[in-house]
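Only one structure is covered here, and it is reproduced in the block below.
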Amino acid sequence: MGIKLRIISLWTPEWFQKRGLDELAHQTTSGLEKLLDDQADEDLKSNIKHHDMVLKGNLDERRKIMATTHNKLVERMVSTMGREEAIKKGRKAMFNEGLSLGVKFKRILGVGESIDDLFTAARILYDVLGIKFSIKEVEEEGENGKITMFVSHCNLAEYYTPDTCHVLSAADEGVVQGLNPHVKIKFTKRITEGCFECLAPVKIETISKSNGIKL
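Just so you know, we're using the numbering used here here: the sequence shown kicks off at 9 and counts up by one.
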């Protein structure tokens, strides 16, 4: 693990967290607005109101502003495209935005290729969002243990609708792959849908599970 990542994992200054939240909020919001623009015809485009989102206050207040904006945009997408199409296209757009963000934060944090580096960086970014998670091996009958991410607390779940969470969780999946292209996650359970915790199986390609991972 590099010095930069180690230091930030031990102590993350508030200015860094606010800057990171601003980056995450504006890129995902811009991605949703672009999708709405792309789906609208020329007459409708002139009537689309873009959200001049201004994040202010402490981290909790900024998260609420971001989540409320996401909700409004996803609601408009569902109204414009229909729920199934909105979620499908919204998830694709958010995955791509997350992938870009992951690559950017990989460089900023100095994330190496080990799985330990990946989840250390993910914890730093999830702290920014008010999310707590753990990584465990889940035993399944007839199979070796599968590595799975369990989210026990999510500040955004207090504000997100189930549809918004479904769409924006794809950004998380993209960020993870941006931090390490050999690792994929996909959420199969979400707190916003009434589950006790969020659950995302972790698929590791070409890298051994034992390569630096700490469960």
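For every residue, glycine included, the Cβ atom is placed at its ideal position computed from N, Cα and C.
Counting along the chain, no beta strand (DSSP E) covers CYS203, and no H or E run does either.
Within a 10 Å sphere around the beta-carbon of ILE123 sit 16 or more other beta-carbons, which makes this residue buried. DSSP places PHE103 in the helix class (H, G or I) of the three-state scheme.
Judged by beta-carbon spacing, LEU32 lies within the 8 Å limit of LEU109, meaning their Cβ atoms are closer than that value. Note that the C-beta distance between GLU205 and LYS194 is not below 8 Å.
Contact between ALA208 and MET157 holds, since their C-beta atoms are separated by about 4 Å, short of 8 Å. Membership of LYS192 in the beta strand (DSSP E) is indicated by the continuous run 191 to 193.
CYS203 and LYS197 have their C-alpha atoms roughly 7 Å apart. When DSSP assignments are scanned along the region 135 to 184, the uninterrupted stretches of beta strand (DSSP E) that are 3 or more residues long and fall wholly within it turn out to be 139 to 148, 151 to 162. Of the residues ALA130, GLU147, GLY186, THR169, the one whose Cα lies closest to the Cα of VAL159 is ALA130.
Taking the Cα of HIS190 as reference, the smallest distance to any Cα among ILE212, HIS174, ASN66, SER38 is reached at ILE212.
Taking one beta carbon from each stretch, the region 160 to 178 and the region 137 to 144 have 3 or more pairs nearer than 8 Å; the two touch. In this structure, HIS34 sits away from THR172, with a CB-CB distance that is not shorter than 8 Å.
If you draw a straight line from the Cα of MET74 to the Cα of MET61, it comes to about 8 Å.
Remark: C-beta atoms of LEU63 and PHE113 do not approach each other more closely than 8 Å. With fewer than 16 other Cβ atoms from the protein chains shown falling within 10 Å of its own Cβ, ARG27 counts as exposed.
Between LEU44 and ARG84, the C-beta gap is smaller than 8 Å, which places the two residues in contact. Note on the region 65 to 113: whole alpha helix (DSSP H) runs with a minimum of 4 residues are 67 to 89, in chain order.
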